[in-house]
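When you line the sequence shown up against our numbering, it's residues 490 to 836, in that order. The beta carbon of each residue, even a glycine, is placed where N, CA and C say it ideally should be.
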Amino acid sequence: MSDLPLTQRLDALVASAADLVAGTGDLDALHALDVELTGRRSLLVEAKRELGSLEEDDRRAAGQAINEARQRVEDLIAARRSELAAQQRQARIEAERLDLTEREPARTGRLHLVTQARDHLEDVFVGMGFTVAEGPEVETDFYNFEALNLPPSHPARGMWDTFYVDVGDPGTVLLRTHTSPVQIRVMEATEPPICSIMPGRVYRRDTADATHTPVFHQIEGLVVDEGISFADLAGTLDAFTRAYFGRQVRSRLRPSYFPFTEPSAEYDISCVFCGGVGCRSCGGTGWLELGGCGMVHPNVFAAVGYDPERWTGFAFGFGIDRMTAQRHGVDDLRDLFTNDIRFLEQF
Ligand code: FA5
Numbered sequence: 490m491s492d493l494p495l496t497q498r499l500d501a502l503v504a505s506a507a508d509l510v511a512g513t514g515d516l517d518a519l520h521a522l523d524v525e526l527t528g529r530r531s532l533l534v535e536a537k538r539e540l541g542s543l544e545e546d547d548r549r550a551a552g553q554a555i556n557e558a559r560q561r562v563e564d565l566i567a568a569r570r571s572e573l574a575a576q577q578r579q580a581r582i583e584a585e586r587l588d589l590t591e592r593e594p595a596r597t598g599r600l601h602l603v604t605q606a607r608d609h610l611e612d613v614f615v616g617m618g619f620t621v622a623e624g625p626e627v628e629t630d631f632y633n634f635e636a637l638n639l640p641p642s643h644p645a646r647g648m649w650d651t652f653y654v655d656v657g658d659p660g661t662v663l664l665r666t667h668t669s670p671v672q673i674r675v676m677e678a679t680e681p682p683i684c685s686i687m688p689g690r691v692y693r694r695d696t697a698d699a700t701h702t703p704v705f706h707q708i709e710g711l712v713v714d715e716g717i718s719f720a721d722l723a724g725t726l727d728a729f730t731r732a733y734f735g736r737q738v739r740s741r742l743r744p745s746y747f748p749f750t751e752p753s754a755e756y757d758i759s760c761v762f763c764g765g766v767g768c769r770s771c772g773g774t775g776w777l778e779l780g781g782c783g784m785v786h787p788n789v790f791a792a793v794g795y796d797p798e799r800w801t802g803f804a805f806g807f808g809i810d811r812m813t814a815q816r817h818g819v820d821d822l823r824d825l826f827t828n829d830i831r832f833l834e835q836f
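Here it is in C-alpha cells:
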C-alpha cells in the first residue's frame, strides 16, 4: 500500500476507518480505535514523516491532504462517540425503569383496617334499619358538652381530656371528644322517630398506649320514638353483637354513669379470644368492654326542644379502633396508626 500515491493511501485509510469505527460496540472499544487511527503510531502520523522528503509544493499539498484525512477520521469517531453514548444512556434508563403496572396484584392498595371496620359496622346497622349521619370534628362547647347535660364546671367534664382550638372566646371551640355531639345535631335537624348511627373521628389528650390513642374513632347510635325502653336498647345491642361478631359471642350491660344518659351502662361482649373462660386479653374476666350506652337523659331532650314527657330513646357510643383490634387479635392499638405496610397489608 505504501507504493501507492499518498492521496490514494489516505482515501483507503479513511474508508477502512469508517468501517472500523462503525463496527465498534462500546465507548471503550472506540477509544482504543481512536488511539490506533490518530495516535502517535498511526498511519496518519507516519504519513507526516514522509513529508520531509518531498518538494516544497508537493509537501504543502500532501500536508493539506493528511490534515483533511485526519479531520474526516476524527469526525467519524466523534459521530460514533455520541451515538454510543446515547445508546448507553438509553440502556441505563431501561435498566432503572420502574414499571408500576408490573407489580403483583397482592401489593395493590386497600382500605385501612379501621375504614374497613367502619364500613362493615355501617353495613350491619343499615341492615338493622339505621340511617347514617355525620357531624363536624371541630365542635363548640355547646354541642360537645353543654347540650349533653354537661354545663360549664360540671365535674364529669373531667371524663374527657379535651384539645381546645384557639378560635373565638377561650374554651368555646374544641376538637370533639366523642361522637355524642352529633346526636344533638341530628335531633336539632329532625323530628322523631330517629334511628341513626354516627361514625367518625374523635380526639382526646390521652397518652398513647396499647389501648389508647389521642385520635381514634367512635360509632354513636341514637334511637328516639314514643315508648322506647331499656329492653329495646339491650335487644338492639344483642342483635348487633351477633351480626357483627358472630352467633357465638354474647353481650351484657353493666351499670355505669354518663351525664347524657339515665340509666347508663357499659356494653361488654364475651371475650372473642377465650370464649368467655378468661385469658390475658380480657384480664381473666371473660368479657371485653366496647363502649357506653343508656336511655337519653330528659335534659338532653329539653336542650333540643323535644318533649321529654312524650319521647324516649336510647343512645350508645363504641370505640371502633378497640372493636377492630379485638376482632382481629391486634393487641396494641398503636400498630393501627404507625402505618407499617407489613402490618397493614395483612388485612
Ligand atoms: C363516650 O365517649 C360516650 N360518648 C359514649 C356514650 C354514647 C355513652 C352514648 C352513652 C351514650 P367513653 O369515654 O367511655 O364514652 O368512650 C367510649 C369508647 O371509646 C370506649 O369504650 C373505648 O372503646 C373508646 N375509647 C375511649 N378512649 C379511647 C382512646 N384514647 N383510644 C381508643 N379508644 C378509646
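- DSSP places histidine 786 in no alpha helix (DSSP H); its state is neither H nor E.
- The alpha-carbon separation between proline 797 and alanine 720 amounts to approximately 19 angstroms.
- Aspartate 523 and isoleucine 566 have their C-alpha atoms spaced approximately 7 angstroms apart.
- Excluding residues up to 5 positions away in sequence, Asp650, Thr651, Phe652, Pro703 lie with their Cβ nearer than 8 angstroms to the Cβ of arginine 694 in the same chain.
- By alpha-carbon distance to isoleucine 830, the top candidate from Arg570, Ala536, Leu600 is Leu600.
- Contact between valine 793 and isoleucine 673 holds: CB atoms are separated by about 6 angstroms, below the 8 angstroms threshold.
- In this structure, cysteine 771 lies away from leucine 779, with their beta-carbon atoms at least 7 angstroms apart.
- Fewer than three pairs of CB atoms, one per stretch, sit closer than 8 angstroms, so the segment 551 to 559 makes no contact with the segment 577 to 586.
- In the structure shown, arginine 831 adopts helical secondary structure according to DSSP, grouped into three states.
- At least one heavy atom of ligand 1 sits closer than 6 angstroms to the Cβ of cysteine 782.
- Within 10 angstroms of the beta-carbon of alanine 568 lie fewer than 16 other beta-carbons, which makes it exposed.
- With contact defined as three or more Cβ pairs closer than 8 angstroms, the segment 612 to 630 and the segment 663 to 681 are in contact.
- Contact check for serine 753 against serine 759 fails: the beta carbons are separated by 7 angstroms or more.
- A distance of 7 angstroms or more separates the beta carbons of leucine 509 and valine 562.
- Taking C-beta atoms as the reference points, glutamine 815 and valine 766 fail to come closer than 7 angstroms.
- Rounded to whole angstroms, the Cβ separation of phenylalanine 836 and tyrosine 756 is 24 angstroms, and the two are not in contact under 8 angstroms.
- Between serine 718 and the set Ala791, Gly802, Gly660, Val534, the nearest pair of CA atoms involves Gly802.
- Threonine 651 has its CB no nearer than 6 angstroms to any heavy atom of ligand 1.
- Within the same chain, Leu779 come within 6 angstroms of methionine 812 by CB-CB distance, once the 5 residues on both sides are set aside.
- Excluding sequence positions up to five before and after alanine 551, its CB lies within less than 7 angstroms of the CB of Leu495, Leu540, Leu543, all in the same chain and listed in chain order.
- Leu533 is the residue among Leu711, Gln579, Leu533, Ala791 whose C-alpha sits nearest the C-alpha of alanine 506.
- With respect to tyrosine 733, valine 613 sits close: the two C-beta atoms are nearer than 7 angstroms.
- In the three-state scheme derived from DSSP, where H, G and I count as helix and E and B as strand, glutamate 563 is classed as helix.
- Here aspartate 821 carries a coil assignment [DSSP, helix/strand/coil].
- When secondary structure is reduced to three states using DSSP, histidine 643 falls in the coil class, being assigned neither helix nor strand.
- At least one heavy atom of ligand 1 is found less than 6 angstroms from the C-beta of threonine 702.
- The bridge partners DSSP lists for cysteine 684 are Val712.
- As a beta-bridge residue in DSSP terms, isoleucine 758 pairs with Ser740, Leu777.
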